[in-house]
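Here's the structure, in C-alpha cells; my notes come after.
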Amino acid sequence: MMSFFVPETGATITVKQRPIVVITSNAEKELPDAFLRRCLFHYISFPDPDMMLDIVRVHHPDLEDRLVREAMDAFYWIRSVSGLQKKPSTSELLDWVQALVVGGVPLEKIRQEIPLLGVLIKKNQDFDMILKRLYAQDPAKSKAKMQVVAG
Numbered sequence: 012m013m014s015f016f017v018p019e020t021g022a023t024i025t026v027k028q029r030p031i032v033v034i035t036s037n038a039e040k041e042l043p044d045a046f047l048r049r050c051l052f053h054y055i056s057f058p059d060p061d062m063m064l065d066i067v068r069v070h071h072p073d074l075e076d077r078l079v080r081e082a083m084d085a086f087y088w089i090r091s092v093s094g095l096q097k098k099p100s101t102s103e104l105l106d107w108v109q110a111l112v113v114g115g116v117p118l119e120k121i122r123q124e125i126p127l128l129g130v131l132i133k134k135n136q137d138f139d140m141i142l143k144r145l146y147a148q149d150p151a152k153s154k155a156k157m158q159v160v161a162g
C-alpha cells in the first residue's frame with residue numbers, strides 16, 4: 012500500500028492502488044526524453060466553436076448571445092492569424108469576455124476594434140501583428156488604434 016502525509020491537515024492518506032498521475036503540457040517547453048519514455052501521451056484538440064460556446068456558457072451563463080458570438084468570432088479570427096508566438100487560449104477568452112462585460116463594452120466596438128486586446132494577446136510581436144492585420148482589413152480602424160491599445 013502507498014501513503015502520503017498532508018502537512019496542512021496532519022492526515023496520512025493511504026491508497027490500495029498506485030495512483031494515475033495526469034500531467035498536462037502546453038508544449039512551450041520540451042519535456043526530457045527520459046520522462047516522455049515513461050508516459051502515455053494523449054493529445055487534446057483545441058475546442059471547436061461549438062464546444063467553446065458550451066465552455067463560455069458554463070462560465071458566463073447570463074451573457075447575451077450576440078456578445079458571445081461577437082467575442083468568439085474575434086477570438087477565432089485572432090487564433091487563425093499565422094505566425095503568432097502565443098495564440099490566445101480558452102482561459103484568455105473567458106477572461107476577455109469577463110473584461111468586456113465589466114467594462115461595459117458595446118457590441119459594435121467588439122466588431123470594429125477588438126477592445127481590451129491585451130487580455131487576449133500576451134506577446135508584443137503578436138499584439139503588433141494583430142493590429143496590423145486588423146487595420147489592413149479596414150484602414151478606417153487605424154483611427155481607433157489608440158482606443159484599442161488603451162482599452
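Mapping to this note's numbering: the sequence shown position 118 is 129, numbers consecutive.
By construction, the Cβ of each residue, glycine as well, lies at the ideal position given by its N, Cα and C atoms.
- Query: Can you pull the DSSP bridge partners for F15?
  - Reply: In the DSSP output, where bridge partners are listed per residue, F15 has I24.
- Can you tell me which of G94, I125 and I55 puts its alpha carbon nearest to the alpha carbon of K134? Among G94, I125 and I55, the Cα nearest to that of K134 belongs to G94.
- Backbone secondary structure at G129 - three-state DSSP: Helix, per DSSP.
- Message: So, at 8 Å on beta carbons, what are the nonlocal neighbours of L105 in its own chain, with the 5 sequence-adjacent residues on each side left out?
- Response: By the criterion of a C-beta distance shorter than 8 Å, L105 is surrounded in its chain by I66, V67, H70 and H71, once the five residues flanking it on both sides are discounted.
- Element boundaries [alpha helix (DSSP H), containing R68]: Counting along the chain, the alpha helix (DSSP H) containing R68 begins and ends at P60 to H70.
- So which of P117, E119 and S100 has the shortest CA-CA distance to G9? Nothing about residue 9 can be reported from this structure: the residues present for the chain run from 12 to 162 only.
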